[in-house]
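Report on one structure; see the data block that follows.
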Amino acid sequence: MSQSVAYYNVHAQQFMDETLHLDMSALYDAFLPHLSENAHILDAGCGSGRDSREFLVRNYRVTAFDASEKLATLASAAICHPVAVRTFDQVSEYQAYDGIWACASLLHLPQQQIPQALATLWQALKPGGVLYVSFKRGEGQREHNGRHFTDATEEQLQSWADALQRLEKITIWQTADRRPGRDEHWLNGVFDKSPKQSDKLITGGKHRHFLPHLCASINKSSEIDMAVAFVKATGLKLLVPDLQGALGREELPARVRVLTSDYMDITDPEALRSLMLLQEQGAQVRVFQSAGTSFHLKAYIFTYVGHDKSRHGTAFIGSSNISRQALQDGLEWNYRVDYPSDDGFFEALSRFEELFRHDNTVPLSDGWIDEYEARRVLPPTPTEAGSHEVEEPPAPTPVQTAALVALKETRAEGYSRGLVVLATGLGKTWLSAFDAAQMGARRVLFVAHREEILHQAAETFIRIRPKSRVGFYMGKQRDMAVDVLCASVQTLGKNAHLERFSPQHFDYIVVDEFHHAAAPTYCRLLSYFAPTFMLGLTATPDRTDRSDILSLCDDNLVYAHNLFEGIRSKLLAPFHYYGIYDDSVDYAEIPWRNGKFDPSQLAHKLATLGRARHAERVWEKHGQQRTLAFCVSINHADFMAEQFQKRGFSAAAVHGRSELSRGEALEQLRSGELVILFSVDLFNEGVDLPTIDTVMLLRPTESKILFLQQLGRGLRRAEGKDKLVVLDFIGNHQGFLHKPQALMGADMNHRQLAQYARKAASQKLDLPDGCFINYDLQLIDFLKSLDGEGTEKDYCLLRDTLGRRPTLTEFYRFGANLSQLRKQFGHWFALVAHMDDLDETESKLVEQQSAFLTELEKTPMSKSFKMVLLEAFQELDGWRNPPELSALASQSLKVLQRRRSLLGELPEAMRESPDQKTWQAYWQRNPVKAWVGGNTKTAGSFKIADGYFAAAITLASDQIDTFTALVQELVDYRLASYEARGNIEPVDHNVSVLPNSELARTGLPFFPTLKIACGHFRTSLVEAEEYRHLGEGYGQLNPNRHFIAQASGDSMNGGKNPIRDGDYLLLEQVSPNQAGSITGKTLAIERMDEAGDTQYLLRVIEKTAQGQYVLKAKNPSYDDILVTDELSEQFRTFARLESVIDPLELAVGQDFMREDIAGLFGAEFNRGSWNVGHVFLADASAHVLLVTLNKQGKADNHRYMDHWLGEQRFHWQSQDKTTPESKRGRELINHQELGLTIHLFVRENRLLNKQAAPFTYYGKVGYQSHEGSSPMSVILKRV
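The following block contains the structure:
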């Protein structure tokens, strides 16, 4: 056909002139009478557009295409209607058109391709539709005037038609060519497709599933009755989503009754437990106790109100029980009975009523299931299709296995709380069920804020613990005598409900998706209960969103596996992401409040014809086979589905009020009957859609989590699916800025977003293999325009990202400049007040208690104890009821034991179970004494009265809860920032295989973006502090004065000790009054220019004979700067250079893959030379030792005896060939004299999660002694 396409591209205008005005009315009269008014016609191979124009004039809906790009362009202009460029094999629509017109177009295909092209068009034709085709009358194939022709006879046309299914009739006739000077004859055919009928008999099998019929009936019915001999969990889960939807309708929830039996013990106990959950939601479930009586019922009865407002009914009577095989692929016959046309419906309903109330029928209960499980004996061989159908619980994935190991280890270390971060799609809820089973938890509490999550959790726990009783505590449900309780925090979090349980009632508590709620909502619940272990779960990609839950988990991040890691581990599909500029909507016109657009105005702005057309074009270009599109409202979803249908695509909308149920929609999407499904929120979570290969986001998302959940619907891997395409429609508004952050799993301020845009534009983003990110240029420009900084700007960005005001911990972890904050506003809550984010009570408290809150935020902390005491004080409700000192000391110890990372600050004798009297005395010396003012001459914030520890400030009773929340926010921040310093002595949990890599090293603030401008002034922003560690070789270091920064520029690159661009510098912060003698010293000079920007200059300070200072560069290419009186007012001594740091010093304690180690020494990685345990780098004068402690799987002669001798010394055994006299042996023994260094990298095991494990760098080591030869045993000591 390409030959013909090329011809028409060249002769397009000539063809237009010859055909556009021909009178084809005789052919229209044979075709159009088959169509209803406003029918949808596909003009397949429209040529000049002549026929499309006529159909449009007659008020038909038209979709037109042609394979010639030039013809399509001219035709579109001539008829003022879009004409797509595509070929017959690109027609993928399913039952989309009432009529298809293929006039003189199929004839250009090779003869062997015509049957497939007809089948493709036939599939796109609706039942009852009509297809018109025409060929030149003749036989065989030929080339004529640069075009290919396939001619046809009546017999040939009839043969092609006979291959089409559901062909009702074909009409064939001849006509003469109407063009001047032509004497050819044409063969015309009209193919009528038989209309779709309501099948009375559903026979099952591959293409006639019973399931869609049930789903459709459930969706429209007000009364649902099912009676089956047995229920299998595999089949029930196919019906549960639609049954839950029917029970949960806002208007007129359905009555659902299910009757099954214990006949032959085939019914699954697991299925019965799931039916118990359905019963919790309002269904009535009963069991017929057969007692030897046969029970072979398979009846499904539905009652609903028809369009005429009268009662209608449908019953299916047949052979299908509730099993996957019976509902899907099995050959099962079920006969349909409809009322009012068949009174047999009422006969079936009457018999159901009798059985439902039969003496042998009992209500389903947990007790009955327990008894049934105890006596159940499944027949040894299947009695019916699906009777032995079993779906084994899934085994943990490699990621879940790694998380389970980490959870087990964290409990062994003494932690009672922990956080796990898993990307959407990696199975957080499954992990919690696996871990509860691993721990042997007897009673489990699963807490979430949405009922949908709780229902999914209940089903998951039943799969893993099929013998457990599972219940709910939400809404009006109050189950207590259960093994697994799924509770909404809104209900259980109230004191009246908490007090119905003892604090020790649950062994294991799961807090899921905590990012949806404010921390105080959960604090009450978590403070009340004392489980053996509490697990926090989130899919939040960055530290910002998870800071609150991390504090509730005692800052114990047990395990994390983000989106990119999930893709790299082959558990999630790679994605191609397209950020599409949404130019049809001016988002600035839509009100924006609390991180959200006004929903009604947003829905109105999004449902426009222009935007729908834009979406269609983008989808046609990038979309794949099965698309899930997310809309902002029901009206928006319906509108988009209608617009896509008008364009000839098989599309549908599914929501709570749609005619199509969720079950039907999924089935049609899987089968290919639908190519695009528009939804509001029914598919955000918990839906198994592995074959979805395109996700289209047609609405803003209020949070990173919602964005990732919608993205996650398509990330499941499936056979034949190589990637997920994401089409995200984005406006140039702050409401979309969280999306790049969510996608990359990183929090970004405005400046970092601008940098991200630059990397995206140049395709330099660090993405997993197979992934791709592209933004329209308008969006790149918008993101670039954000470049800049400022406390208020960062606050607004974070507030918009979270959809609420941030906490101080979140702001700190976001990377905001806290020094600038305090310089500008004084303290945190002053900024919050300035941003109008405090309510009336909070504002009053911040004003009244400003001194205390400021002290709390800024008070020096050499240890964590002051904040630990405050946390314990608040847990004891101390503002309301001052605790006794003994109770406060005991609770403080519990906090420390819970926050294991802080326990190392205590003397060893105090860490676990010290004597109460000894412990209380220790605690009173510090921090009690500090808080009551014992260390100063001023009055403290607290006081001791009659053995009670009480606040020295006065609070009204109605202020206490609010004040508690404000204080806890500051306590969380102080502990989080304190732990980030890393100066806490580690607690030795049993035996440590690997010593602490940070032993005897001091953590110093590291400013990766603070460049000391060498030679040229450069504006720079001090980002939030990271901490890097230096050893004793750098002298006595103080984290409050010393810090690390990188040099920028080459002005100091000269002389004996040059400072090069990128060097790491150790500096001591000094004030002008503390700098002492500065002559001859290298100083960082701070300058505040006229614009208020802070700039830095690194120079050697010299003095002229006249006493003026000169800032001297070591590089002679740079001029010295004479500090005049005018300039001196702008300069301030900022820091003194102590040393240039060896970059390897900063790598100590970090993990590196084998292939990344070479780069630390400026070497190239070569697998042949680096796949050994001892590498010599001549250019770096370095020996690199790569040690694996546990060498299972190695041959005996490779299992070297490597182990730690305490914290500082290491026993290393060389390879067999190494002797003290060999070159390598001599270099190790005499490395200092030879100017060589030895570097030690150690890992415990060769593999981690079935992949190569990284090595931890322990820094430089020195030779101490050796013994033996071939191999040598060498004792090395950390330098």
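Residue numbers (our numbering): 94 to 1372.
Cβ atoms here follow ideal geometry from the backbone N, Cα and C, with glycine treated the same way.
By the neighbour-count criterion, in which a residue is buried when 16 or more other Cβ atoms sit within 10 angstroms of its Cβ, Lys852 is exposed. Note that the segment 928–938 does not touch the segment 951–959; fewer than 3 beta-carbon pairs, one per stretch, sit closer than 8 Å. Following the DSSP letters along the chain, one finds Leu1282 inside the beta strand (DSSP E) bounded by residues Ala1275 to Asn1283. Contiguous alpha helix (DSSP H) elements confined to the segment 721–753 occur at 727–739, taking only those with 4 or more residues. Under the rule that a run must span 3 or more residues, the beta strand (DSSP E) segments found entirely inside the segment 1161–1248 read 1175–1181, 1187–1196, 1202–1205 and 1224–1234. Ranked by Cα distance from Thr1095, the options Lys1010, Gln1306, Arg556 and Glu1238 are led by Glu1238.
Straight through space, the alpha carbons of Ala1058 and Arg1018 are spaced by roughly 27 Å. The three-state reading of DSSP puts Asn588 in helix, counting H, G and I together. Under a 10 Å Cβ-count criterion, Leu872 is classified as buried, with 16 or more other Cβ atoms of the shown protein chains found around its own Cβ. Taking every protein chain shown into account, the CB of Cys579 has 16 or more other CB atoms within 10 angstroms, so this residue is buried. Gly411 and Lys391 have their C-alpha atoms spaced approximately 6 Å apart.
Asn1264 places its beta carbon 9 Å or farther from that of Asn1338. Remark: C-beta atoms of Leu801 and Ala408 do not approach each other more closely than 9 Å. Per the coordinates, the alpha-carbon of Arg543 lies some 18 Å from the alpha-carbon of Val537. If you look at Asp459, you'll find it in the alpha helix (DSSP H) that goes Asp459 to Arg468.
Look at the beta carbons and you see the segment 202–220 not touching the segment 108–122: under three pairs across the two are nearer than 8 Å.
Less than 9 Å separates the beta-carbon of Arg556 from that of Glu363.
Pro1020 places its beta carbon 9 Å or farther from that of Asp862. Put simply, the backbone Cα of Glu502 is about 11 Å away from that of Ser509. For Val577, the closest alpha carbon among the candidates Arg704, Asp815 and Leu370 is that of Leu370. The beta carbons of Ala722 and Leu799 sit no closer together than 9 Å. The C-beta distance from Ile415 to Leu332 rounds to 7 Å, short enough to fall under 8 Å.
Assignment of Val773 by DSSP, reduced to helix, strand and coil, places it in the coil class. Taking C-alpha positions only, Tyr888 is separated from Ala847 by approximately 17 Å. Less than 9 Å divides the Cβ of Thr156 from the Cβ of Tyr190. For Cys579, the enclosing beta strand (DSSP E) has its first and last residue at Val577 to Ser581. Look at Ala392 here: in three-state DSSP terms it is strand.
Per DSSP, the beta-bridge partners of Gly282 are Val226 and Ile265. Contact between Tyr225 and Ala195 holds: CB atoms are separated by about 6 Å, below the 8 Å threshold. Our two residues, Gly672 and Gly883, have alpha carbons roughly 27 Å apart in a direct line. According to DSSP, Lys1370 shares a beta bridge with Arg1302 and Gly1355. Contact between Glu1195 and Lys1205 is confirmed by a C-beta separation of about 5 Å, below the 8 Å threshold.
As computed with DSSP, Lys1010 is found in no beta bridge at all.
Taking the Cα positions, Thr1197 is about 53 Å away from Leu995. In the DSSP assignment, Gly564 falls within the beta strand (DSSP E) that extends over Val563 to Met567.
Within the DSSP secondary-structure output, Met789 pairs in a beta bridge with Ala722 and Leu820.
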